[in-house]
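In the numbering used here, the protein residues as written are 444 to 634.
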């Protein structure tokens, strides 16, 4: 994520009022982060994960995958836009209708880029842990690994082979062979 802006303590409402100029604005603990539009490889990874998580959740009634842009705001001094996230679906089976309806996340996923690494690995990671997000994945396309964080972790689990996720014990686990995944989504065009 870009460099933090000024010593001003930002609110989610102030961030929502910023211009729609193609940048991503987020605030964590009052600190504003401004990010340029993501790169093509970043979007290839996000799209590949979205497709796989959507297929995994097909037919499940306990969660739904969503991608940014989004306005996830649990507090007035916080508004984030994870690249991908899974919201829990309650016993009434009703999906959220607006961003304010989201009060918890089962999973938050950020795909690293040079401008986002500091915020993704530090500010946003601490926020997601503090908020009790079930898992937080920091996907590193350059290293072709996933850093998995859970709420009580002091250090990430570095996943290099198969990423497995099972938030609902009654469902089979989501399994993602990382070498195969990165090879597929990051392959260079020929021609």
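The C-beta atom is built at its ideal place from N, Cα and C for all residues, glycine as well.
Reference residue i; option with closest CA among the options
{"i": "residue 580", "options": "509, 466, 601", "result": "601"}
{"i": "residue 541", "options": "556, 530, 549", "result": "530"}
{"i": "residue 474", "options": "482, 491, 570", "result": "570"}
{"i": "residue 501", "options": "511, 578, 467, 615", "result": "615"}
{"i": "residue 534", "options": "509, 503, 558", "result": "503"}
C-alpha gap between residue i and residue j, whole angstroms
{"i": "residue 526", "j": "residue 477", "result": "14 Å"}
{"i": "residue 594", "j": "residue 463", "result": "33 Å"}
{"i": "residue 597", "j": "residue 536", "result": "34 Å"}
{"i": "residue 608", "j": "residue 508", "result": "14 Å"}
Three-state class that DSSP yields for residue i in the structure shown
{"i": "residue 484", "result": "helix"}
{"i": "residue 600", "result": "strand"}
{"i": "residue 583", "result": "strand"}
{"i": "residue 489", "result": "helix"}
{"i": "residue 593", "result": "coil"}
{"i": "residue 568", "result": "helix"}
Cβ shell of residue i (< 6 Å), same chain only, five flanking positions each side left out
{"i": "residue 587", "result": "625"}
{"i": "residue 618", "result": "605, 607"}
Cβ-based neighbour list, residue i, same chain, cut-off 8 Å, excluding 5 preceding and 5 following
{"i": "residue 456", "result": "519"}
{"i": "residue 490", "result": "628"}
Cβ-based neighbour list, residue i, same chain, cut-off 7 Å, excluding 5 preceding and 5 following
{"i": "residue 465", "result": "480"}
{"i": "residue 574", "result": "517"}
Any non-hydrogen atom of the ligand GDP closer than 7 Å to residue i Cβ
{"i": "residue 573", "result": "What this structure holds is no ligand at all, so the ligand GDP is not there to describe."}
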